[in-house]
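Notes for the one structure printed next.
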Amino acid sequence: MPMPTALLTTIVDGVFGYLISAAAEESGWDERVRREIRTRLGRQSPEQMAFRLALERALKRLDDEYPGGWASSGFDLHLLEKAESQRELAKLLTRKGVPDPNVLADVWTASIGVRKPSLREDARRAAETFLRLLNEELDAPDVRVALAPLRTSRDLAHLREQNEVLKDLVDQVLDRVQRLDKHMMSLTTQVEILAEA
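Quick look at the structure:
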């Protein structure tokens, strides 16, 4: 089923609008990247076209890979045009962003007016699948190149965070080694004393 161009454009513009208005300051992007995005917002920039392509592919894959026809039952572009959904999608492009499938599930169940726990759980699983598929499509070679300024900044920030975690672990290991070394010295001294006696 062909996806409406105007609706796709509205969703992508909303996602990028959120990136600028709400997430840019905490995104970890340098000022040059933020300025470039602001300049391109409102036009179909390469980044927006790449995101749109990834979004369209992920929705098609959701229809193919997830049982139950979620993409054709409203878990589609109409769900994604909601501001709450766009904020979650924008997190895929921010430094610390991890989209919450529960938000998408809540938006979807609210939009259909059904508060059945089993349906909401099915929607959460569909949202998890969709977010995974979208993230995979954002990493596709033809998309990743266009999103490099955004995703690279995110990846570098993630590497810095991982570096801090590794540094803490190394410090803990060194501390334990020093304690073991002191303990071994104490044992060696005790063995020497016992050997002399």
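Note that the sequence shown covers residues 128 to 324 in the numbering used here. Backbone N, C-alpha and C fix where the C-beta goes; we use that ideal spot for every residue, glycine too. All values derive from a computational prediction rather than experimental measurement.
Buried versus exposed call for E248 [16 or more other C-beta atoms within 10 Å across all chains shown]:
E248 sits exposed, since fewer than 16 C-beta atoms from the chains shown fall within 10 Å of its C-beta.
Span of the alpha helix (DSSP H) holding L147?
Here residue 147 is Ile; the residue named in the question, Leu, does not match the sequence. Per DSSP, I147 belongs to no alpha helix (DSSP H) and is neither H nor E.
Can you look up P226 in the DSSP assignment and give me helix, strand or coil?
Three-state result, P226: coil.
Following the continuous alpha helix (DSSP H) through P268, name the residue where it begins and the one where it ends.
268-271 is the extent of the alpha helix (DSSP H) around P268.
Hey, is the stretch 215-224 in contact with the stretch 254-268, meaning 3+ C-beta pairs nearer than 8 Å?
The count of Cβ pairs closer than 8 Å, one atom from the stretch 215-224 and one from the stretch 254-268, reaches three, so the stretches are in contact.
Please determine, among V272, A267, D227, R271, the residue with the shortest C-alpha to C-alpha distance to A373.
Because the chain spans 128 through 324 in this model, residue 373 falls outside it and cannot be assessed.
Classification of G141 by the beta-carbon crowding that lies within 10 angstroms, buried from 16 upward
Classification for G141: buried.
Which residues mark the beginning and the end of the alpha helix (DSSP H) in which A250 is found?
Per DSSP, A250 belongs to the alpha helix (DSSP H) from 244-265.
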